[in-house]
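What the sequence shown shows, in my numbering, is residues 6 to 457, in sequence order. Glycine included, C-beta positions come from ideal geometry on N, C-alpha and C. For clarity, every value in this text was computed on a predicted model and none was experimentally measured. One structure below.
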Amino acid sequence: MNSLIAVATVKEEVKMKGSDIQAKQKKYSLQSWSAQKNTAPIPVEKAEGMYFWDFEGNRYSDMSSQLVNLNIGFGNKAVNQAIKDQVDQYCFLSPAYAAESRANLAEKVISVMPDNISKVFFTNGGSDANENAVKIARMFSGKFKVFSRYRSYHGSSFGAGNLTGEPRRYALEPGAPGFIKFFDPYIYREAIEFTSEADATAYYLTKLKEQIIYEGANNVAAIVLETITGSNGVIIPPAGYLPGVRAICDEFGILMICDEVMTGWGRTGKIFGFENFDVKPDIITFAKGVTCGYVPIGGVAVSKEIADYFDDNYLSCGLTYSGHPLACAAGLATINFYQEAKILDNVNAVGKVLAETLEKLKEKHACVGDVRYIGLFSAIELVKSKESKEALVPYGKDPEGVMPKILGMLKAKKFMTYFHENMLIVAPPLIITAAQLTEEMEKMDEVLTQVD
Ligand code: PLP
């Protein structure tokens with residue numbers, strides 16, 4: 006057979022229609038967080054910047070950055086090239102060897118961390134970063150209890166799932182001992198009316214301190230927090246809360262672990278979320294935006310004191326793919342891109358437009374009870390009544406599928422995001438322009454009018 010014809014035939018066979026791809030994926034793989042028969046993953050043919058296209062040529066806007074991860078958007082040429090170059094050198098080198106891209110990424114990560122942080126342990130993603138952070142805290146402190154919050158998501162693997170406080174932890178319960186939950190400052194839905202943020206802060210910190218004492222302060226290794234609660238609705242702590250947690254940690258000799266998996270790498274207008282609150286954690290976990298998933302990687306960055314401890318004490322942590330050379334090459338190129346593109350300036354400038362737009366939506370629409378935002382990270386909380394604050398749908402009680410229907414209305418306008426409880430998340434790639442954001446938020450405005 007003519008070889009050109011043979012190549013063309015193979016290409017024909019490979020280029021399945023979108024619906025075939027969807028059907029095949031559904032037939033042979035299990036989709037996360039879904040009853041399988043309800044899933045209809047959009048088959049994507051190509052993607053560029055903040056957009057992707059299906060096989061019928063429809064263009065979708067990625068308004069939640071592929072799980073609040075794809076900060077640099079699709080198709081970043083510098084990151085693609087760095088990965089290709091690394092492929093040409095070698096794809097894999099075990100963590101026991103010194104790899105140039107691994108050394109370079111570690112140096113780069115430490116260069117953007119607070120000055121108390123001196124070393125990083127690489128993982129494969131966010132969940133295992135949190136698990137290793139807990140192990141490190143336990144080894145270093147000799148204590149075993151770990152506090153985390155109810156409205157938190159720290160991952161769904163078995164170890165990280167123990168830290169997660171919301172219902173995604175149920176599937177692994179009863180879980181492991183020593184994981185204690187406390188309530189977070191979700192002021193909008195608090196039973197108590199606070200007169201000021203300071204009041205709220207004092208209340209939550211008093212409760213936390215009381216709980217630590219009752220758990221036996223000497224048993225507590227660490228407090229783990231999402232600096233800004235992410236997938237549970239962009240809950241921004243009141244003024245003084247995080248410094249207050251830091252002070253409690255210092256008072257009782259507890260390590261403060263900030264989970265920056267979602268809030269890290271520019272999402273909130275600073276490199277890391279905690280920088281908005283003037284605190285320095287002892288341990289910082291990260292993933293997502295460090296490579297934007299071009300190749301997966303995560304990490305646990307630790308203070309000098311902790312790093313020094315492991316000079317003489319055995320670090321009982323290890324993963325085959327820890328610090329994968331391809332991921333490290335992607336990470337270095339991603340952070341370089343953030344710096345060269347001055348991404349924080351864009352987040353802060355476009356974030357202002359987002360903030361103004363959200364405030365206007367809140368004023369205009371009866372169904373918008375609350376809007377919360379920081380940088381390009383935001384949530385719109387939908388209610389039946391602004392006065393009563395009654396949620397449009399209480400969590401887990403949406404038999405008519407109201408929230409999926411609203412998502413469907415957005416999808417019909419090619420505005421792609423996700424919801425949690427009664428909240429819509431808006432967290433576009435950090436490269437979005439003000440004009441692009443305005444165009445997308447007009448679609449949101451139209452959908453909220455229908456919801457009203
Ligand atoms: N921590 C936070 C705050 C997250 O948002 C997530 C994922 O969304 C994780 C941890 C888990 O990360 P991964 O899915 O990479 O394991």
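Starting from residue i, follow its DSSP beta bridges and name the residues at the other end.
i	result
I233	In the DSSP output, where bridge partners are listed per residue, I233 has none listed.
R156	The partner list for R156 (beta bridge, DSSP) is empty, contrary to what the question assumes.
Y56	E53, S66
T128	G303
V376	I385
S308	I122
A396	V388
V431	S383
H425	M428
F315	Note: F315 sits in no beta bridge, so no partner.
F420	S66
Return yes when the Cβ of residue j is within less than 8 angstroms of the Cβ of residue i, no when it is not.
i	j	result
I244	A142	Residue identity check: residue 244 is Ala in the sequence provided, not Ile. Taking 8 angstroms as the Cβ cut-off, A244 and A142 do not qualify as a contacting pair.
L337	A104	no
A292	G183	no
G294	N74	yes
K410	S66	no
I233	T268	yes
N135	V229	yes
F342	I77	yes
F60	G328	no
I385	L366	yes
V358	T443	yes
L320	S146	no
G274	V388	no
V452	M414	yes
F199	Y208	yes
E265	T290	yes
L98	P330	yes
K402	G374	no
L435	G221	no
V300	A335	yes
Y155	S236	no
K124	V307	yes
M408	F382	no
L71	P48	With the sequence shown as reference, residue 71 is identified as Gln, and Leu is not the correct amino acid for it. It is not a contact, given that the beta carbons lie outside the stated cut-off.
M68	M428	no
L397	C372	yes
If contacts are defined as beta-carbon pairs under 8 angstroms, then residue i and residue j qualify, I think. What distance do you get, rounded to the angstrom?
i	j	result
V84	T325	Not a contact, Cβ separation roughly 23 angstroms.
I240	D189	6 angstroms
F149	F187	With 8 angstroms as the limit, F149 and F187 do not qualify as a contact, their Cβ atoms being about 17 angstroms apart.
A138	V305	5 angstroms
F79	G62	Their Cβ separation, rounded to whole angstroms, is 16 angstroms, which puts F79 and G62 out of contact at 8 angstroms.
G249	T296	Their Cβ separation, rounded to whole angstroms, is 33 angstroms, which puts G249 and T296 out of contact at 8 angstroms.
Distance cutoff 8 angstroms, beta carbons only. Does residue i sit that close to anything in chain D?
i	result
F152	No chain D is present in this structure, which holds just one protein chain.
| request: Counting only runs of 3+ residues fully inside the region 154–239, write out the beta strand (DSSP E) ranges in chain order. | output: Taking only runs of at least 3 residues, the beta strand (DSSP E) segments lying wholly in the region 154–239 are 184–187, 225–231.
| field | Contained alpha helix (DSSP H) runs [length at least 4] in the region 242–305, N- to C-terminal order | value | Fully enclosed alpha helix (DSSP H) runs of 4 or longer: 246–257.
| message | Quick check for students: name the residue ranges of the alpha helix (DSSP H) that lie wholly in the region 66–153, counting only runs of 4 or more. | response | Runs of the alpha helix (DSSP H) lying entirely within the region 66–153 and spanning at least 4 residues, in chain order: 70–73, 82–94, 105–117, 131–146.
| message | As an exercise, report each continuous alpha helix (DSSP H) stretch of at least 4 residues that is fully enclosed by the region 319–364, in chain order. | response | Qualifying alpha helix (DSSP H) stretches, in chain order: 330–345.
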